[in-house]
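Novice: In this note's numbering, the protein residues as written are 1161 to 1461.
Yeah, the Cβ is synthetic: ideal placement off N, Cα and C, and Gly gets one too.
Okay, here's the structure, questions in a sec.
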């Protein structure tokens, strides 16, 4: 594996926000950034048009990553930035180019009507098909959005990072996802907030020996399961402050609400080798569309 952070770049405002995020992450990881610009094949009639000939297409396709790289180098001194041009369908080309990287960063398509951000078809296809961790960054994301306010209530990148948020399913916790979240919190020298959402039964039964409702018993049970899962990781990362929240409610909704106070949201995606195509999973799919912070999707078996 090449120790690199890769960015899918198309010149849009969201892909530029993704490149900026990747440069900040590169500093935290001491890794280089690779900007990958995908050039789709142009039909011959268009390529032969006077104003859209091969030379014009090449000029624009080279200008986008070149100018983006120059800007990143000036704003993030010390970060090694390289550019790569590939041809093909964007999703196919990005999945192929990301096979040997540590992290793939993509842009979203702006803010949706419910306060989160929308993920385009290319982004969804890449997330569903690659085994590499993918971070989705919404258009307009800035460094100050990941930090708390300064003492007088002004956004500042000089203040501590907001917590990293991990969505965890205690029924099948995966070490890959948990390690990724702890490592991101450790790099940012911030806390890790772990949220486990569970759906309560549609009824509430009383009559247990101690007079406690089944609902209260389920709350206790889920909280204990979450504590048991995280116990060994607390010992492995003693410097990371961890808060645990087992919430009765839709997991995606709970994570979307909690994302408002997070610097990064981490969710998992189970790798499914299906002949009917790859899938993201309902919770991860909803979080991708409704979370307001950058979202890291970590694939696992």
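#1: Would you identify the three-state DSSP class for residue 1224, choosing helix, strand or coil?
#2: So, are the CB atoms of residue 1360 and residue 1408 less than 9 angstroms apart?
#3: Kindly list the residues whose CB is nearer than 7 angstroms to the CB of residue 1179, restricted to its own chain and excluding five residues on each side of it in sequence; keep chain order.
#4: Is the segment 1409-1424 in contact with the segment 1381-1388, if contact means three or more CB pairs nearer than 8 angstroms?
#5: Alpha carbon to alpha carbon, how far is residue 1453 from residue 1424? Give it in angstroms, no decimals.
#6: Pull up the distance between the alpha-carbon of residue 1402 and that of residue 1395, whole angstroms please.
#7: Quick check on the burial criterion: 16 or more other C-beta atoms within 10 angstroms. Buried or exposed for residue 1174?
#8: Does residue 1395 come out as helix, strand or coil in the three-state DSSP assignment?
#9: What are the boundary residues of the alpha helix (DSSP H) that includes residue 1182?
#10: From which residue to which residue does the alpha helix (DSSP H) around residue 1283 run?
#11: Taking 9 angstroms as the threshold (C-beta atoms), are residue 1351 and residue 1324 in contact?
#12: Just the C-alpha distance for residue 1386 and residue 1223, rounded to the nearest angstrom, thanks.
#13: To the nearest angstrom, how far is it from the Cα of residue 1319 to the Cα of residue 1312?
#14: Cα separation between residue 1163 and residue 1193?
#15: Within this structure, are the beta carbons of residue 1317 and residue 1306 separated by less than 9 angstroms?
Specialist: Let me lay it out:
#1: helix
#2: yes
#3: 1167, 1169, 1195, 1228, 1232
#4: no
#5: 6 angstroms
#6: 11 angstroms
#7: buried
#8: helix
#9: 1173-1189
#10: 1281-1289
#11: yes
#12: 49 angstroms
#13: 12 angstroms
#14: 9 angstroms
#15: yes
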